[in-house]
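All remarks here apply to the structure that follows.
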Amino acid sequence: MRREEKADSDKEQGTHSKEAASDCARGKRPDGKKPDKMEKAQYKADKAGRKLESAREKLASQKPQKRPGLAKKTVRGVRAEVWFYTHNKIHEVEHENVGVEGAHKSELVAEAGTRKLVRFARRRYREHPARRVAKWERKETAAKANLDFQKMIKEHPELASNPLSRMAQKWKLKRRYAKQAGQAAKQGTRAAKKTTATAGTFTKRAVQAVARHPVFILIILVLFLLFYALSAFSSLIPMLGSGLVNAISGTSYASADSDLLGADEDYAALENDLKQKIANIERTHSDYDEYRYNVDEIGHNPYELTSYLSAKYHSYTRTEIQGELQEVFEVQYELTLTEEVEIRYRTETSTDADGNETSEEVSYEYYILHVTLKNRTLPAVVNTRLDMEQKEIYFVMQELKGNKPYLWEGIYTEGGTETEPGYQIPGEALSDPSFAALIGEAEKYLGYPYVWGGSSPSTSFDCSGFVCWVFSNSGVHNLPRTTAQGIYNQCARVSSADARPGDIIFFTGTYDSGVPVSHVGIYVGNNMMIHCGNPIQYASIGTSYWQQHFYAFGRLSGN
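Each residue of the sequence shown is one higher than the one before, counting from 1 in full-length UniProt numbering.
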């Protein structure tokens, strides 16, 4: 009685478990939340396990086959299994590679006659219990592999966020195909052995047939293995070769160097025209009493632009890309001119006929033109113009510089190689409250990457954006966003001998900026500065690189 109750209880629990698993597959959970990827993977693994167990039970309960000729049909069935598995895997990748597709089509033509001979045996074998066992063994293996992968992603989420890691995982999975093909062949052999074990008379007759014609059977097996070995080898060579070529070409700039350089020059020309337009504002709008500027840095990283164009178009010419360059430029930069009118008062003195002077306060209109340039930064712009696959290509190309790092050698990325990651500000320098506040704010962003046009922690910084943010948000000095040259224009020049911690240091020629000042940092004393290199860091200004590009020290009024 207890056994029956236990069996009923197990059956009821199994029913509830299957219902819960089915609900999970349909996107339901008892708590009403949507199941995540790992739960779905768990459901598929459990389902495959149940199906495999059922298939094995059916195979074990199969009665011995007594019909003659089953040995030959079983051999044909195993061969058909290997054929199906091999060609299914090739089908999965042949659309990605023309070489594999051509080799596969040639192989199919050669095998046309063989398929006719095994068609009848394959039709009978398809429903055989051993075939179902092999099928669900493969599905269970795949489901468990997927479940393990989802668990790995959950334990190491950085693998999912890093496109390089995801791509590496994909390449590893593709490399498993050859191993899986071998495993599938072994599974087919094991399934055939199980079928043979259930048929005693069949085994006896098969042994007798082999004993009568050993040479003939051996020749057939050798030819069969040789044929499939040659087929697999001929398909594997173009697959491996194309995989290597795709891995390299997929991360390289495919366009001619002249087109890559030309397209970047055209984008730089658009930026130079914008610089000239801002520089001529006071001449083209001369009717104003005052001009106030809030201008972001103008410039871009050539590799970011080229990686974007290559990810979106793969191969392009300088002429074909002009419309795209204009669209990206108009989204990246936004120039606005805003007029403000203030009512001001001045005292006017007049003299009457008797020589008496009278004073009168007179109002007048004071016209101010606000010039604002917003640089949304190129990475932020291109991120909205690429799909997920293109974004992965973009990030990899940007990381590897399209395998063409020679294209823009000398553009500013960090400057000198000598950095001081563990540098500590001397205690006596921090006795100045203003300098202490300045450094307290600046050190919050140590390690942040250099981003062209960046001006806040949300986007990261470029050199001038970092200096403006630190001075303004430390409360030391209100320094609206401007360029390195713009900061220099607001400073009083200081000699190197009189420079003190908290002053600003300027450099020239670190890249082709079109103006004298191209880079800026905050001087912290002891021949050291903190600046937005790549990343934000302390650096010695006594190195040959910074001495070569040194321009001046400056001090903001009131500091």
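Virtual Cβ for every residue (Gly too), placed ideally from N, Cα, C.
What three-state label does DSSP hand LEU218 in the structure shown?
helix
Sequence ranges, beta strand (DSSP E) only - wholly within the stretch 487-546, length at least 3:
491-494, 504-507, 519-525, 528-532 and 536-540
Kindly confirm or deny that the stretch 282-298 and the stretch 481-491 touch, where touching means at least three C-beta pairs closer than 8 Å.
yes
Contact belief for TRP469 with SER456 at Cβ below 8 Å, rounded distance in angstroms:
6 Å
List the whole-angstrom C-beta distance separating ASP503 from TYR523, where the pair is believed to meet the contact cut-off of C-beta under 8 Å.
5 Å
So, ARG344 versus GLU365, is the Cβ gap smaller than 9 Å?
yes
Which partner residues of ALA552 appear in the DSSP bridge assignment?
PHE506
Of all the options GLU443, GLY525 and TYR551, which has the alpha carbon lying nearest to the alpha carbon of ARG493?
TYR551
Go through its chain and collect everything with a Cβ distance to SER544's Cβ below 7 Å, but skip five positions before and after it.
none
How many angstroms separate the CA atom of LEU173 from the CA atom of ARG138?
For LEU173, the predicted model reports a pLDDT of 47, less than 50, meaning its position is unreliable and no value from the coordinates is stated.
Helix, strand or coil, according to DSSP, for ARG292 in the structure here?
strand
Starting from LEU52, trace the alpha helix (DSSP H) both ways and give me its first and last residue.
37-60
Taking all protein chains shown into account, decide if ASN246 is buried (16 or more other Cβ within 10 angstroms of its Cβ) or exposed.
Residue placement at ASN246 cannot be trusted, given a pLDDT of 45 that sits under 50; what the coordinates show is reported in the next sentence. Exposed, by the Cβ-count rule.
Using DSSP with H/G/I as helix, E/B as strand and the rest coil, what is GLU297?
coil
Buried versus exposed, by CB contacts within 10 Å (16 or more), MET528
buried
Report buried or exposed for SER286, applying the criterion of at least 16 other Cβ atoms within 10 angstroms of its Cβ.
exposed
Span of the beta strand (DSSP E), counted from its first residue to its last, around ARG346:
333-351
Whose C-beta lies closer than 8 Å to the C-beta of SER258 among residues of the same chain, with five residues either side of it excluded?
ARG318
Alpha carbons only, please: which of GLU399, VAL467 and THR482 is nearest the one belonging to ASN301?
GLU399
Cβ-Cβ distance between ILE393 and PRO501 below 9 Å:
no
Ordered along the chain, which non-local residues of its own chain (more than five positions away) have a Cβ less than 7 Å from that of SER472?
ASN478 and LEU479
How would you label ASP462, buried or exposed, when you count the other beta carbons within 10 angstroms and need 16 or more for buried?
buried
Excluding the five sequence neighbours on either side, which residues of its own chain have a C-beta within less than 6 Å of the C-beta of TYR445, listed in chain order?
ILE536
Pairwise C-alpha distance: ARG346 and residue 561:
Limits of the chain in this structure are 1 at one end and 559 at the other, which puts residue 561 out of reach.
Can you round the beta-carbon distance between VAL476 and SER434 to whole angstroms, since I take them to be within the 8 Å contact cut?
5 Å
Check: VAL381 C-beta below 8 Å from any heavy atom of the ligand ZN
For the ligand ZN, the structure offers nothing, since it holds no ligand at all.
Measuring straight from C-alpha to C-alpha, what distance separates GLU57 and TYR43?
21 Å
Whole angstroms are fine: how far does the CA of ALA55 sit from the CA of TYR448?
57 Å
Against chain B, does SER474 count as a neighbour if the rule is that its beta carbon must be under 9 Å from one of theirs?
Judged by its chain identifiers, the structure shown contains no chain B, having just a single protein chain.
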